[in-house]
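Novice: Protein chains in written order, with the UniProt record's numbering: chain X, 1 to 452; chain V, 1 to 452.
Protein chains: 2
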Amino acid sequence: MNAQTGRQLSLNAFLHDTGHHEASWRHADSSVERVGDITWYQEIARTAEAAKLDAVFLADSPAWYGTGYRPSHEFEPITLLTAIATATERIGLVSTASTSFYEPYNLARLFSSLDRISGGRAGWNIVTTFSEDAARNFGLDATPSNEDRYERAQEFVDVATLLWDSWEDDAVVADRPSGDYVDVSKVHAIDHVGRHLKVKGPFNAPRSPQGRPVYIQAGSSNEGRAFAARNAEAIFTAHQTLSDARAFYDDIKSRARSFGRNPDHVLVLPGISPFIADTAEEARELYEHFNGLTVPAYGLDQLEKMGGVSLRHLDLDEVVPIEAFGSAGNVLDNSRSRKQVIANILERDRPTLRQLLHRLAGGRGHNVVHGTPVQIADTIQEWFENGAADGFNVMPPLYPQLLDAFIDRVVPILQERGLFRTEYAGDTLRDHYGLPRPDSVYSADLALASGK
Amino acid sequence: MNAQTGRQLSLNAFLHDTGHHEASWRHADSSVERVGDITWYQEIARTAEAAKLDAVFLADSPAWYGTGYRPSHEFEPITLLTAIATATERIGLVSTASTSFYEPYNLARLFSSLDRISGGRAGWNIVTTFSEDAARNFGLDATPSNEDRYERAQEFVDVATLLWDSWEDDAVVADRPSGDYVDVSKVHAIDHVGRHLKVKGPFNAPRSPQGRPVYIQAGSSNEGRAFAARNAEAIFTAHQTLSDARAFYDDIKSRARSFGRNPDHVLVLPGISPFIADTAEEARELYEHFNGLTVPAYGLDQLEKMGGVSLRHLDLDEVVPIEAFGSAGNVLDNSRSRKQVIANILERDRPTLRQLLHRLAGGRGHNVVHGTPVQIADTIQEWFENGAADGFNVMPPLYPQLLDAFIDRVVPILQERGLFRTEYAGDTLRDHYGLPRPDSVYSADLALASGK
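See below:
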């Protein structure tokens, strides 16, 4: 434990087929042959658990990338995490799922079941999904507006919360002599009728170990930040510099306070994708070797999907115009937060198109770093102790080798410095993140407190 | 193997919390304390696998029973089966899922992932869900008509089929030197626009081991039979007598032929719920002991939900009027098939209300039998060899004790008679059921054969 504050880092392993670098599958040592093999993911999760990481995390979108240049996810994330749950005991299990393209009753069941199967380790990364490819798989011609998506997201979270709470914790009595299995006075219809959803309830299963999965959010647009500050217990975010990350951190914590929430219960966890080697020079060479494996056509595709801007007219060795991501004429969609990250890179570093594609190849806008184990640990500590992060979403460029390097060489330094646990203090993801277990909104004590 | 025909029984273990008898949880030896414990289901599945059963099966409805008199399912079925997949190697894994209340892209992902995680063992029991409680959890005020539900179901199955087929089996090339991971000419948008659904595709994962999960169906209304004969590879059904079962069997096989299908690839699997003991008298006593644990108020509730008829005005010891399930005035919903089963019981046996409730308490209209191991085996053989069944959905009244009795005492008799396997012949559920693996509808060979 940190002698001064007792504050501890949270560290997730962000899973991503062969690794977070877009060309990782082409690396000679990649495990591309195993991306359809569930035991490979179970092994990675066990490695992360042995190092006492808080959670494994999966991003998700219900659509195909639309490219032949890299693997797609072969597993649906909640089933993948269920399979990991049965192969692990303590590590948290965070799945992304879309409020725009799921029905809340179905999704609530999946997360409740994962929470029960895992003994209280489920987390939900709540996304609204701006992908047009996804919208077209669900009856729509185009992505709904940011405002509409976030309005539905809030209604969806409210409904899911009521469903998870609709069985009070002590509703099951299982009294053989009387034949009463459930105290029906403790199971509540939710009777929700709103603009986007109409759900009667109650839920069809008892409350799960954590009460609700941990609520996580990753949007950084204005709507996304407001939503996160109101609902999220952890926030996954992408920043390239300490100062950008600090500004975001301050903004989120202050917004959370304005909702009457304890800012310590809103963890800010930026992504970090570390290339680790014995020397700084070797680490840079490793980073450059991966960038040398990229396919520019893929990078240009992703730039369009992620940043909403086409740069196909530029030569790869041409400096990208500083206003490319600020000019309204070029905007193809409303993925504002990632566009801002890219605009900041252009302004700060004036990269050529090739350099920009390489900057994004490692982490799609997340912070890609290279260095010795001590250098990586220093960066983590610097962000952690200077108001930029409560922990990190660790995004190994290549699985499992660069997760192993992080765990074997960086984590021990963090532990030695008192910044990261050497044993789990509890059994649930809420325990790992230092979050309370919420009472059911229907529980008698709460009803009493509110004067009902 | 049966010396005369070589035909082999298919046997599933139909899972249902403490057991299929509605009062099983009240039995002194029930495992009601473990219904929220995933390892309990894994143990049961391993028992069924050790006996070489074809599959475990889960029913499902996305709504609460609305009663305090028995346990609800604590797990969502696809996640439950995923957890079982990781604890077993060969046994099939069949989940019910509703075409009325899921989006096909989401459901296709869940089943594809289960099929991959299990190495080709997934089956989908396709239901349209007539429960009004379910409809009200998904934005509706009432259940859509039988016709509407089956129209959507057909469109849903067509869409899911195209999604599962949209990656041809050899689409993934994973060629490191060229950077081509997928041959994009073998990944197909499905571009579906129909009355109920609009789905562009393609799917976002490679084809799963079985190509598609095994298609199973359980509806017995006219629309249900037509749907089953056209789409299903196995049919779960409820009959009380050999002659009713034969009539159904003949009808389904002949309908399948009329769709140009091989009737051997449409297995008919009635439910059977066996009370097994050393003597016939002890088996009857066991059956009556369970019926003595029932709560009449629960049975009356279920009769309304299942049969669409209220008999609350009758005394428990009054004979149920023979026309109770045939009079349109009493009909609360359109669950026609189960109503027909009940009408047949009334006509044949003239039971009192209490006797009727007891008849339904064991298997909700499925065939509840009691007898010695030889008697149970004789019944199974009789139905199997007289055109009434290709196998059975075994519904133990109490888990695990009455599954154990079936496996330890009945299965060996069936094996001795050459009616049931002593080893699995293959690895997938399609192998166990004797079903072919379907080619993708997009595969070049098929396109050639159809002159495209």
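Here a beta-carbon is modelled for each residue, glycine too, at the ideal position from N, C-alpha and C.
Taking the DSSP output, what are the residues bridged to residue 274 (chain V)?
Specialist: Answer is V:369.
Novice: Span of the alpha helix (DSSP H) holding residue 322 (chain V)?
Specialist: Counting along the chain, residue 322 (chain V) falls outside any alpha helix (DSSP H), and DSSP gives it neither H nor E.
Novice: Taking 6 Å as the limit between beta carbons, can you name the residues of its chain near residue 358 (chain V), skipping five residues before and five after?
Specialist: The answer, listed in chain order, is 291.
Novice: Output needed for residue 11 (chain X): all residues of its chain with C-beta closer than 7 Å, excluding positions within five of it in sequence on either side, in chain order.
Specialist: Excluding sequence neighbours, residue 11 (chain X) sits near 53, 54, 391, 392, 394, 420.
Novice: Express the C-alpha separation of residue 101 (chain X) and residue 325 (chain X) in angstroms, rounding to a whole number.
Specialist: Taking the straight line joining both Cα atoms gives about 28 Å.
Novice: Strictly below 8 Å CB to CB, what residues from chain X border residue 127 (chain V)?
Specialist: Ordered by position in chain X, no residue passes the 8 Å Cβ test against residue 127 (chain V), which lies about 14 Å from the chain.
Novice: Are the C-beta atoms of residue 329 (chain X) and some chain V residue less than 8 Å apart?
Specialist: Note on residue 329 (chain X): pLDDT 38, under 50, position unreliable in the model; no value is reported.
Novice: Would you say residue 71 (chain X) lies against chain V (beta-carbon separation less than 8 Å)?
Specialist: Answer yes: the Cβ-Cβ gap between residue 71 (chain X) and chain V drops below 8 Å somewhere.
Novice: Report yes if the CB atom of residue 137 (chain V) is closer than 8 Å to the CB atom of residue 95 (chain V), and no otherwise.
Specialist: Not in contact: residue 137 (chain V) and residue 95 (chain V) (Cβ atoms no closer than 8 Å).
Novice: With a threshold of 8 Å between beta-carbons, can residue 197 (chain V) be considered close to chain X, or not?
Specialist: Judged by the 8 Å Cβ criterion, residue 197 (chain V) is in contact with chain X.
Novice: Can you tell me which residues form a DSSP beta bridge with residue 392 (chain X)?
Specialist: Answer is X:11, bridged to residue 392 (chain X).
Novice: For residue 217 (chain X), report the span of its beta strand (DSSP E) as first-last.
Specialist: Residue 217 (chain X) -> beta strand (DSSP E) spans 214-217.
Novice: Could you work out which residues of chain V lie near residue 290 (chain X), taking near to mean beta carbons separated by less than 9 Å?
Specialist: Going along chain V, no residue has its Cβ under 9 Å from residue 290 (chain X), so there is no contact; the nearest lies around 13 Å.
Novice: Any beta carbon from chain X within less than 8 Å of residue 29 (chain V)'s own beta carbon?
Specialist: Taking Cβ atoms only, chain X never reaches closer than 8 Å to residue 29 (chain V), which makes this a no.
Novice: Near residue 501 (chain X), which residues of its chain fall below 6 Å by C-beta distance, leaving aside the five closest residues on each side in sequence?
Specialist: Missing from the structure shown is residue 501 (chain X); chain X here goes from 1 to 452 and no further.
Novice: Which same chain residues, not among the five before or five after residue 230 (chain X), have their C-beta less than 7 Å away from its C-beta?
Specialist: So the qualifying residues of the chain are 259.
Novice: Closest Cβ-Cβ distance between residue 213 (chain V) and chain X: below 8 Å?
Specialist: Not closer than 8 Å to any Cβ of chain X, the Cβ of residue 213 (chain V) fails to qualify, so no.
Novice: When the cut-off is 8 Å and only beta carbons count, does residue 40 (chain V) lie next to chain X?
Specialist: It does not; no Cβ of chain X falls within 8 Å.
Novice: Who does residue 57 (chain X) pair with in a DSSP beta bridge?
Specialist: For residue 57 (chain X), which the question treats as bridged, DSSP gives the partners X:14, X:94.
Novice: Determine the burial state of residue 50 (chain X): buried for a count of at least 16 other Cβ atoms within 10 Å of its Cβ, exposed for fewer.
Specialist: Classification of residue 50 (chain X): exposed, given that the 10 Å Cβ count is below 16.
Novice: Terminal residues of the continuous alpha helix (DSSP H) containing residue 453 (chain X)?
Specialist: As shown, chain X starts at 1 and ends at 452. That puts residue 453 (chain X) outside it, with no answer to give.
Novice: If you drop the 5 nearest sequence neighbours on each side, which residues of the same chain put their C-beta closer than 8 Å to that of residue 436 (chain X)?
Specialist: Counting only Cβ-Cβ distances below 8 Å, and skipping sequence neighbours, we find 265, 430.
Novice: By Cβ distance, which residues of its chain are closer than 7 Å to residue 374 (chain V), with the 5 residues on each side in sequence left out?
Specialist: The answer, listed in chain order, is 413.
Novice: If I'm right that residue 98 (chain V) touches residue 62 (chain V) with Cβ under 8 Å, what's the distance once you round it to whole angstroms?
Specialist: So it is a contact: roughly 6 Å between Cβ atoms.
Novice: Shortest alpha-carbon distance to residue 123 (chain V) belongs to which of V:34, V:428, V:228?
Specialist: Ranking V:34, V:428, V:228 by Cα distance to residue 123 (chain V) puts V:428 first.
Novice: With H, G and I counted as helix, E and B as strand and the rest as coil, what does DSSP make of residue 352 (chain V)?
Specialist: In the structure shown, residue 352 (chain V) sits in a strand (DSSP, three-state: E or B).
Novice: Short check: CB of residue 25 (chain X) to CB of residue 71 (chain X), under 8 Å?
Specialist: Against a cut-off of 8 Å, the Cβ pair of residue 71 (chain X) and residue 25 (chain X) comes out as a contact.
Novice: At what residues does the beta strand (DSSP E) containing residue 63 (chain X) begin and finish?
Specialist: From DSSP, residue 63 (chain X) is part of no beta strand (DSSP E); its letter is neither H nor E.
Novice: Report yes or no: is there a C-beta of chain V within less than 8 Å of the C-beta of residue 120 (chain X)?
Specialist: Judged by the 8 Å Cβ criterion, residue 120 (chain X) is not in contact with chain V.
Novice: At 7 Å on the CB atoms, spell out the chain X contacts of residue 200 (chain V), in chain order.
Specialist: By Cβ distance, chain X contributes 136, 137.
Novice: Less than 8 Å separating the beta-carbons of residue 273 (chain X) and residue 367 (chain X)?
Specialist: Result yes, Cβ atoms of residue 273 (chain X) and residue 367 (chain X) sit closer than 8 Å.
Novice: What is the DSSP secondary structure of residue 332 (chain V), reduced to helix, strand or coil?
Specialist: Model confidence at residue 332 (chain V) stands at a pLDDT of 40, short of 50, so the residue's coordinates are unreliable; what they give is reported in the following sentence. Residue 332 (chain V) falls in the coil class under three-state DSSP.
Novice: With DSSP as the reference, please indicate the residues paired to residue 237 (chain V) in a beta bridge.
Specialist: For residue 237 (chain V), which the question treats as bridged, DSSP gives the partners V:270.
Novice: Excluding sequence positions up to five away, which residues of its chain have a Cβ less than 8 Å from the Cβ of residue 328 (chain V)?
Specialist: For residue 328 (chain V), the predicted model reports a pLDDT of 41, less than 50, meaning its position is unreliable and no value from the coordinates is stated.
Novice: May I ask you to report which of helix, strand or coil DSSP gives residue 341 (chain V)?
Specialist: Here residue 341 (chain V) sits in helix by DSSP.
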